[in-house]
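Chains as they are written, first to last, in our numbering: chain A, 1 to 524; chain B, 525 to 1048. Beta carbons are placed, not taken as given, at the ideal position from N, Cα and C, and that holds for glycine.
Number of protein chains: 2
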Amino acid sequence: MDRREVMKLGAGALMTGMATAASATERAERRPAAGDTATVEQWGVFEAEYKGPASGNPFVDVSFGARFTFEHRTVEVAGFYDGDGVYKVRFSPDTAGRWTYETTSNAKELTGRTGTLECVAAKAGNRGPVGTAHQFHFEYADGTPYFPFGTTCYSYGFIGAPYDATTLAALKRVGFNKVRMCLLPKPLGQRKPVAMPFVRAAGTRQEGAETLEDGGASKEHFDLARLNPEYFRHVEQRVQDLLAADIQADVILFHPYDAWGFKAMGEEADDRYLRYAVARLSAYRNVWWSIANEYDLVKSKTMKDWDRFFRIVQESDPYSRLRSIHHSRVVYDHAKPWCTHASLQEYDFEKSPARLAAWNKPIVYDEIQYEGNIARRWGNLSAEEMTHRFWRAIVAGVYATHGETYMTQDGGPVWSDAGELRGTSGERITFLRKLLERTGTTGLMAAENPYYANAGNAGRLYLYYFDYHCVGEYEFPLPEKETFKMTWIDPWAMTTTAVPGTLSGKSKVTLTGKPYMAVLFEKA
Amino acid sequence: MDRREVMKLGAGALMTGMATAASATERAERRPAAGDTATVEQWGVFEAEYKGPASGNPFVDVSFGARFTFEHRTVEVAGFYDGDGVYKVRFSPDTAGRWTYETTSNAKELTGRTGTLECVAAKAGNRGPVGTAHQFHFEYADGTPYFPFGTTCYSYGFIGAPYDATTLAALKRVGFNKVRMCLLPKPLGQRKPVAMPFVRAAGTRQEGAETLEDGGASKEHFDLARLNPEYFRHVEQRVQDLLAADIQADVILFHPYDAWGFKAMGEEADDRYLRYAVARLSAYRNVWWSIANEYDLVKSKTMKDWDRFFRIVQESDPYSRLRSIHHSRVVYDHAKPWCTHASLQEYDFEKSPARLAAWNKPIVYDEIQYEGNIARRWGNLSAEEMTHRFWRAIVAGVYATHGETYMTQDGGPVWSDAGELRGTSGERITFLRKLLERTGTTGLMAAENPYYANAGNAGRLYLYYFDYHCVGEYEFPLPEKETFKMTWIDPWAMTTTAVPGTLSGKSKVTLTGKPYMAVLFEKA
């Protein structure tokens, strides 16, 4: 369903005081439930909305949320103000069955509203949210392995048409299954974000007032106590579109690329923004939280702030969506308990064993430089090099994220922001993902001090990547008690060739002698 | 001249008690001088030979040498026993003019023999020996810059026909200007070295006797007090052949690849062997001394031994030929005073600035793994990767050495020993050398913390290598006070394209956007 439909249904619900179930994955079948009962599939999104106070400042004055109860279990969920006197609360049930709910508020008309929610089994394609698994890896809630093979579209959330559509089409075409995207706006050159996350303040800026002057040419300023629902609705639609396309949305909450001062709003505004973002977005099962991009470049904040943000997100999010933070030069201590996985800007995969041991969590090398042709050295990797880095990550038992910075002729986005994907590494990355998914394994563990880098599951699966080595023959040290089938892989040509027969124990094999090749062994 | 010719002339000289001048670079014109006067070109080789004691053990019993005098300067040079009662002394004069000499010995017939040596100007192509220059680089004695772009033919000295000829032809064809070669033999699979460096001892080995048992199947043993001139003559001819082809001979004095026990002969035999090697070979101006290959794998020797060997070579060599030592895992302290340059087995060029600062000498990364297709991971680099490593070395202000390990169908040498060169990096390496030679500069200094790796001579020359970056445009930070001409370089295609016009100061340039490209700026 698109935004107009949601709003229309919302309006209908308001008129009868009834709640609606908005599941982005079952657009066609969604309909308002009879009376005060809604139906939502497991891990889908239920949404209830009510009319409440519109005067004063609802963002500050009105508290609103709901308690969702299933048998003896109660989940408290914060709601949010969506403008025009409309209050919403969203909930993503993880258990099928009958849930009841009751709203809580300091406003009378928003208190004690109740309803029933029939949670039905997830439909095909809905595998639930992604969580960590087996210490260093990821899987969906239904147990399906998940290999993050994502890209970066920093401005997808707020860049607007036509890039909403072209970005989504490109992501689907190439096959990325995760997108890193900023929640706060980023300068877009000649272009403007579709809206601003805070409402513009009237008059000139007053000393001590919680407003921010626009750092840009307009000299406008913002009332940081009033969020702009229009802005968040737009970002939200992108998250829903990604969900419908089975793509995880790695939502970046803060970043240093700021023309308006949103990176230096002060604690009160920061924390209110964070709670609002979590209340709006956490019910979408494809959401991951990235506390910041290049956090250490935000000079107005300290480590205490970043840690506080982690705690606020952790406290506010009823679903414990994945949480991390991304650095520029100073690696965050990902051993901290609120971090679910590491998100790095590095490509020194040889340090992965030490990092995995130190942090005891999955590692995503979320910025390994960019395929492209811009004048910055971090933005002009060849497609071959980008592909190579993904393979190096996988045989190191970690993950990587793509990004693209191709100069455009038409003035379109260049800096891994949004729009068409022009590179040629993407399809190779998807080839690798599908190869891994086909194995049925959850994550690969890197071999310790291997002769050639390889990763797998002991006794079941081994994936070798030969890097610059032109291997003409090699005696693979396969276990003696099992037999394996072997597949030759050309990562660039994206071909797999099954080798007839099986191998067991030390197995000398003649190989192509070409560099950048790979071999997969799977238990026969 | 080949070995047969040398011997014939030697025999003639013996009959008349006259000395001969053997310059490998002027084969055709060399002839015995009239009476006791010989003519030799500067940096050529003069050789005098005499009949002396043949009984007992001449290697131990007889001391022999000569004093060469030019005006007030005297150079003492050790001679050597060449078997069959023949004693020789060689001398390479560095100054044109009339030298006189007089032999010294503990044997009456070898004492006080005198002669005159007319040293004439070096002919075209004879630029003298290579020495270090400008702290981190090399040049010939005549001031011509020398860029070491060598390869490795460990067994070239003793492998024999047909590989004597095929190796030399391959080196000339590809264009390498230095060869790393072992002086002591190395096992050759089914093949046998042309001879052994020590004579075989009669009977079975006796306790306490200075003999060595053959570690191989033959169980023969060696009299370590008797060197085998036949063996050394063969190696020597290879050094002469290289000299005639303008190729430096980096002679490796010890190594761990030993089937006969020569790596564990004991101090007395070690030192006698060293002095003999220096007496025979040091007069050839293309000789460099590598005390050992992978010294730290020779478990029978300690650091005290290696340092002693350096001192012996330094004391014995009247010409101070270049001296270094090559490691496997434990980097030698190349700051030691007898080391003229570092010889490394590494390819971590990013450590070069720290190493150059610590050692204050030229660095040759003498083993950066091998282009080839063998099953060892150090022996199956692609030609692209080998080429890439040479470029990385040069823009790091250091040097590299090639090696090749291609499996052969005909049972020929595989392990960078000798024979045909089958790879395709060699011609690219020569392309790079010629590019550098064409600039007329002596060595390139790496830029400090560059945006893209580059090296050159400040204000005169800058060579950029873009590695995996697909640079579509870049603003080169050229000095403002000079103008430069620019050349695009494709290191793999071996093409250079002069860009019309000149550039000065910060210069934004559109580039190919292809990876592994290079750009050269030269002062206009």
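Return the CA-CA distance between residue i and residue j, expressed in angstroms with no decimal places.
| i | j | result |
| --- | --- | --- |
| B/Val802 | B/Ser824 | 22 angstroms |
| A/His327 | B/Ala971 | 28 angstroms |
| B/Gly652 | B/Thr963 | 21 angstroms |
| A/Ala354 | A/Asn293 | 23 angstroms |
| B/Pro937 | B/Thr628 | 44 angstroms |
| B/Tyr755 | B/Ala719 | 5 angstroms |
| A/Met517 | B/Gln566 | 54 angstroms |
| A/Gly456 | A/Ala524 | 15 angstroms |
| B/Lys1005 | B/Pro974 | 20 angstroms |
| B/Ala917 | B/Ala924 | 6 angstroms |
| A/Gly215 | A/Lys263 | Summary for A/Gly215: the model assigns pLDDT 45, below 50, so the residue's position carries little reliability; its value from the coordinates is reported in the next sentence. Answer to the nearest angstrom: the Cα atoms are 11 angstroms apart. |
| B/Phe834 | B/Ser840 | 10 angstroms |
| A/Lys178 | A/Leu356 | 22 angstroms |
| B/Thr635 | B/Val888 | 43 angstroms |
| A/Phe158 | B/Tyr976 | 34 angstroms |
| A/Thr510 | A/Trp488 | 11 angstroms |
| B/Ala693 | B/Glu944 | 8 angstroms |
| B/Trp830 | B/Phe671 | 27 angstroms |
| B/Asp747 | B/Arg845 | 29 angstroms |
| A/Asp333 | A/Ala133 | 20 angstroms |
| A/Ser352 | A/Val471 | 24 angstroms |
| B/Tyr998 | B/Val854 | 40 angstroms |
I'd like to know if residue i contacts chain B, where contact means its C-beta is closer than 8 angstroms to some C-beta of that chain.
| i | result |
| --- | --- |
| A/Asn373 | yes |
| A/Gly426 | no |
| A/Tyr468 | yes |
Nearest CA to the CA of residue i: which residue from the options?
| i | options | result |
| --- | --- | --- |
| A/His221 | A/Phe46, A/Phe198, A/Asp271 | A/Phe198 |
| A/Val398 | A/Ala375, A/Asp348, A/Lys508, A/Pro362 | A/Pro362 |
| B/Phe662 | B/Ser867, B/Ser587, B/Gly967 | B/Gly967 |
| A/Phe349 | A/Ile374, A/Pro318, A/His341, A/Phe390 | A/Phe390 |
| B/Val613 | B/Thr619, B/Trp623, B/Gly589 | B/Gly589 |
| B/Val759 | B/Ile815, B/Ala769, B/Gly684, B/Glu1046 | B/Gly684 |
| B/Phe778 | B/Tyr976, B/Asp820, B/Asp770 | B/Asp820 |
| A/Phe136 | A/Glu267, A/Asp307, A/Ser343, A/Ser382 | A/Ser343 |
| A/Phe466 | A/Gly459, A/Arg460, A/Ala96, A/Phe476 | A/Phe476 |
| B/Tyr605 | B/Cys677, B/Asn752, B/Pro617 | B/Asn752 |
| A/Thr167 | A/Val239, A/Thr100, A/Lys186 | A/Val239 |
| B/Leu641 | B/Ile836, B/Tyr664, B/Ser616 | B/Ser616 |
| B/Ser679 | B/Met705, B/Arg697, B/His658, B/Val654 | B/Met705 |
| B/Ala1026 | B/Arg809, B/Gln772, B/Leu1002, B/Gly621 | Here residue 1026 of chain B is Thr; the residue named in the question, Ala, does not match the sequence. It is B/Leu1002. |
Could you work out which residues of chain B lie near residue i, taking near to mean beta carbons separated by less than 9 angstroms?
| i | result |
| --- | --- |
| A/Glu473 | Asn897, Ile898, Ala899, Met931 |
State the start and end residues of the unbroken alpha helix (DSSP H) segment that holds residue i.
| i | result |
| --- | --- |
| B/Asp765 | 753-768 |
| A/Arg433 | 425-439 |
| B/Leu798 | 791-805 |
| B/Leu880 | 876-883 |
| A/Lys304 | 303-316 |
Indicate whether at least one CB of chain A lies closer than 8 angstroms to the CB of residue i.
| i | result |
| --- | --- |
| B/Glu909 | yes |
| B/Leu905 | yes |
Could you give the residue range of the beta strand (DSSP E) that holds residue i?
| i | result |
| --- | --- |
| A/Thr512 | Segment: none, A/Thr512 is in no beta strand (DSSP E) and carries neither H nor E. |
| B/Ala689 | Note, B/Ala689: premise wrong, no beta strand (DSSP E); alpha helix (DSSP H) at 687-698. |
| B/Met910 | Careful: B/Met910 lies outside any beta strand (DSSP E), inside the alpha helix (DSSP H) at 907-919. |
| A/Phe59 | No beta strand (DSSP E) contains A/Phe59, which is instead part of the alpha helix (DSSP H) from 58-61. |
| B/Ser867 | 866-869 |
| A/Gln180 | Correcting the residue identity first, residue 180 of chain A is Arg in this sequence and not Gln. That run of the beta strand (DSSP E) goes 178-182. |
| B/Glu972 | That residue, B/Glu972, is in no beta strand (DSSP E); it is neither H nor E in DSSP. |
So which residues of chain B does residue i contact, with C-beta pairs closer than 8 angstroms?
| i | result |
| --- | --- |
| A/Gly513 | Asn897, Asn904 |
Which residues of chain A have a Cβ atom closer than 8 angstroms to the Cβ of residue i, listed in chain order?
| i | result |
| --- | --- |
| B/Tyr975 | Arg377 |
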